[in-house]
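Q: Okay, so the sequence shown: first residue is -18 according to my numbering, each after it adds one. Sharing a structure here in structure tokens format.
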Amino acid sequence: MTIPRITCYFMGADIDLAPSLERYKHYFLEYSPEKWRDCPGDASFAYETSDRLLSELYVLSDANGGLSLRFSYRSDRQSFYSVGSREHMSSIIDAGDDQYAPEGSFVDPALAWLAVEDFFRAPLEPSRRLSWLDASEIDWPD
-18 MTIPRITCYF
-8 MGADIDLAPS
2 LERYKHYFLE
12 YSPEKWRDCP
22 GDASFAYETS
32 DRLLSELYVL
42 SDANGGLSLR
52 FSYRSDRQSF
62 YSVGSREHMS
72 SIIDAGDDQY
82 APEGSFVDPA
92 LAWLAVEDFF
102 RAPLEPSRRL
112 SWLDASEIDW
122 PD
């Protein structure tokens, strides 16, 4: 058995096999939509072994200055979206490059950063400092 580790794919760069919180902190706490737009505009923090993805925290930027988060358990394919506005969770938007997310899932970048911090501490559970909604409860278009 291999020891699980966190890896990161951040805005089109090579996969970071030993990510540190400090390396990514300014992208969230000194957030700029332009900074995220200069690259693909997304990030993925993964908790994995050499042969299996255990969980993932996916972050997507939109043009309005928010970040959408999706936490996924890979063992049962269950996903949760961050909730910034519960009443807009069934409104699905294209955040660019055909990446779709619930409009209500976009949260302030400083709040998104808390989820990243928590993922590094406990990568097998969604952050308790945000509200989440199971993806199966979202009315996705056909």
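Ideal placement from N, C-alpha and C gives every residue a C-beta, glycine not left out. Quick caveat: nothing in here was measured; it's all calculated off a predicted structure.
1. How is Ser112 classed by DSSP in three states: helix, strand or coil?
2. Where does Pro107 land, buried or exposed, given buried means 16+ other C-beta within 10 angstroms?
3. With a threshold of 7 Å on Cβ separation, who are the neighbours of Val40 within its own chain once the five nearest residues in sequence on each side are excluded?
4. Identify which residue in Glu98, Glu118 and Tyr8 has its Cα closest to the Cα of Arg110.
5. Tell me the DSSP secondary structure of Arg102 in three-state form.
6. When we look at the beta-carbon of Ser117 and count the other beta-carbons within 10 Å, is it buried (16 or more) or exposed?
7. With DSSP run on the structure shown, which of helix, strand or coil describes Pro107?
8. For Ile146 and Trp17, which I take to be in contact (beta-carbon distance under 8 Å), what is that distance rounded to the nearest angstrom?
A: Straight from the coordinates:
1. Within the sequence shown, the letter at position 131 stands for residue 112. In this structure, Ser112 counts as coil in the three-state DSSP scheme.
2. Residue 107 sits at position 126 when you count from the first residue of the sequence shown. Its Cβ being crowded by 16 or more others within 10 Å, Pro107 is buried.
3. Taking the sequence shown and counting its residues from 1, one reaches residue 40 at position 59. Once the five neighbours on either side are set aside, the close Cβ partners of Val40 are Asp23, Ala24, Leu48, Leu50 and Ala93.
4. For the purposes of this step, residue 110 is taken as residue 129 along the sequence shown, with counting starting at 1. Answer by Cα proximity: Glu98.
5. Here the question's residue 102 lines up with position 121 in the sequence shown. In the structure shown, Arg102 sits in a helix (DSSP, three-state: H, G or I).
6. Along the sequence shown, read from residue 1 onward, the residue named residue 117 stands at position 136. Looking at its Cβ environment, which holds fewer than 16 other Cβ atoms inside 10 Å, Ser117 is exposed.
7. Numbered from 1 along the sequence shown, position 126 holds the residue referred to as residue 107. Judged by DSSP in its simplified three-state form, Pro107 adopts coil rather than helix or strand.
8. Here the chain covers residues -18 to 123 and nothing more, so residue 146 does not appear.
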